[in-house]
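**Q**
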Amino acid sequence: MPPIVFGGCLVLIGVWLLLGPMLGARHEERDFRAAVTCPEERDSTGPEDCLRTVGARIDHTEVVTGNRSASYWLYVTEADGKGDRTRISDSGPKSPKAWSGVRVQVTQWRGKIRYVDFPAGRRYTQADPRDRYRLFYAGGLGLGLFGVGIVLSVFWWSRVSAVSPRSYPWQITPAATGLLVLVCAGVVAPLAVDGVGAPLLVAASAAVLVLVGCAGAYQLLRRRHRSGDDTVVVTPKVPETEQCFQGGVLAEGGDKRYGGGGYLVAGPGLLVTTPDPTGKFARRTVPATVAPQRVRPPYWTDPHGGNYGTDTLVVECRDGDAPVLIVTKKENVPWILGALQPPTTPS
1 MPPIVFGGCL
11 VLIGVWLLLG
21 PMLGARHEER
31 DFRAAVTCPE
41 ERDSTGPEDC
51 LRTVGARIDH
61 TEVVTGNRSA
71 SYWLYVTEAD
81 GKGDRTRISD
91 SGPKSPKAWS
101 GVRVQVTQWR
111 GKIRYVDFPA
121 GRRYTQADPR
131 DRYRLFYAGG
141 LGLGLFGVGI
151 VLSVFWWSRV
161 SAVSPRSYPW
171 QITPAATGLL
181 VLVCAGVVAP
191 LAVDGVGAPL
201 LVAASAAVLV
211 LVGCAGAYQL
221 LRRRHRSGDD
231 TVVVTPKVPE
241 TEQCFQGGVL
251 AEGGDKRYGG
261 GGYLVAGPGL
271 LVTTPDPTGK
281 FARRTVPATV
291 APQRVRPPYW
301 TDPHGGNYGT
311 DTLVVECRDG
321 DAPVLIVTKK
331 ENVPWILGAL
341 QPPTTPS
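Each residue of the sequence shown is one higher than the one before, starting from 1 at the first, in the numbering used here.
1) Tell me the DSSP secondary structure of V106 in three-state form.
2) How is the alpha helix (DSSP H) around H27 delimited, first residue to last?
3) So, with DSSP's three-state summary, where would you put A120?
4) Y263 by DSSP, collapsed to three states: which one?
5) Taking just the CA atoms, how far does D302 sit from S167?
6) Tell me whether the beta-carbon of Y258 lies closer than 8 angstroms to the beta-carbon of G279.
7) Mark L325 as exposed unless 16 or more other C-beta atoms lie within 10 angstroms of its C-beta, in which case mark it buried.
8) If you draw a straight line from the alpha carbon of D59 to that of Y75, how long is it in whole angstroms?
9) With 16 other CB atoms within 10 Å as the buried threshold, where does S158 fall?
10) Using DSSP's beta-bridge definition, name the partner residues of Y75.
11) Hey, is the stretch 239-249 in contact with the stretch 278-293, meaning 3+ C-beta pairs nearer than 8 angstroms?
12) Return yes when the C-beta of G66 is under 7 angstroms from any heavy atom of the ligand GTP, and no when it is not.
13) Helix, strand or coil for L201? Go by DSSP, reduced to three states.
14) Find out if the Cβ-Cβ distance for the pair I150, R123 is shorter than 8 angstroms.
15) Answer with buried or exposed for Q108, where buried requires no fewer than 16 other C-beta atoms within 10 angstroms of its C-beta.
16) For M1, count neighbouring Cβ atoms within 10 angstroms of its own Cβ and tell me buried if that reaches 16, exposed if not.
17) If you compare alpha carbons, which of L340, P298, R318 is closest to K330?
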C-alpha cells in the first residue's frame, strides 16, 4: 500500500473515532454527571436515566485472569433477591468468600452498576462512564495526526529532500521528528488535559511548532543545495602494500566490466575488484583510464537506490565519457584515491 494511501486511511479511522465512539462516550459521561437520584416511590426494573441506589449483600468475588491489569468480579444479591455482578479494577480479596455477607450500596444507571459503596468507601466499577472518552479521543487524534504526518512526510521526502537526501543524513530528521511530535501531542493531550477543546489547542500548537521547524530546515536545505557543498574533502593516501576491503565499482550497464565482486584491493598504482575476501583470486583490474572527480555521500539516484550501508562514501569517477562510481566505507576512500593517482616518475 502506498504511504500516502496508508496515511489517508489512518486519517479516516481517526475521524471516525472522534465523531463516533468519542462523541458517544462524551455524551454518556455528560448524561451520567447530570443524573439525579431516582424517586423512592418509583418501582422499575428497566434501564433508567436516574441513579438507582439499593442495598445489597456480597455473595462472593472472582479474580479476572488473563489481563495485564488486576480486576475482579463482585457478585451481589439485592434485598429483593435479585443477583447481579460488576467488575472492579483492583486485586480484590485473597479469598473469594472473604467479603461474603458484607453489606454494600450499589448504584445503577441505565441498567449497569456504576459504583459500589463499601463500608470503607466508594469504588467505581469498569462501567463507570466518566473519562471513558479520553481513550477514544487519544486514539482518534493520535491516528489522525499520524496519518497527516505520513502524508506530509511523503511530501517532504519527495519534494524537499529529493536532492541528495543521503548527502545530509539529518535532512530526513525534520519529517520524522515532526511526525513523532504530532503523534505524541495527539495521544498525550486528551489523556492529560480535560475537555475537548484544550487537547485540540495542544495539538494545534504542536502542529505550528512542527511547521516552523520544517520551514527552517527547508530554507537551510535550499541554501545548502544552491551551494553544492555535499563534496567530501578527502586526502589521497597511497597504500604501501595492497589493502583488501569491502567495496564495489558501479558503472552504466552494471559492474561486469570491472569484474564485480564485493571487495576492492588497493595498492600503489593499482585498484582491482575481486569476490575473494583475501583479495587473491578472480582479480579484475580497474583500468587506468578511470579518473576520480570528487567524493560525495550516496544519492537515492545511485544504483541500488544508494543503499550502501552506514559510513559509506561514493567516489565519482569518469572513464572517458562514462560515469563510474566506486562505493566503500569512508575510511577506505583515501586508499582508493591514492591507488587511482597516476604513477609518479622519478625526476
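All residues carry an ideal CB built from backbone N, CA and C; glycine is no exception. Note that the structure is a prediction, hence the values are computed from the model and not measured.
**A** Well, looking at it:
1) strand
2) 23-34
3) coil
4) strand
5) Low confidence applies here, because S167 scores a pLDDT of 48, under 50, leaving its location unreliable and the question unanswered by this model.
6) no
7) buried
8) 5 angstroms
9) exposed
10) H60, R85
11) yes
12) Within the structure as shown, the ligand GTP is missing, as the structure has no ligands at all.
13) helix
14) no
15) buried
16) exposed
17) P298
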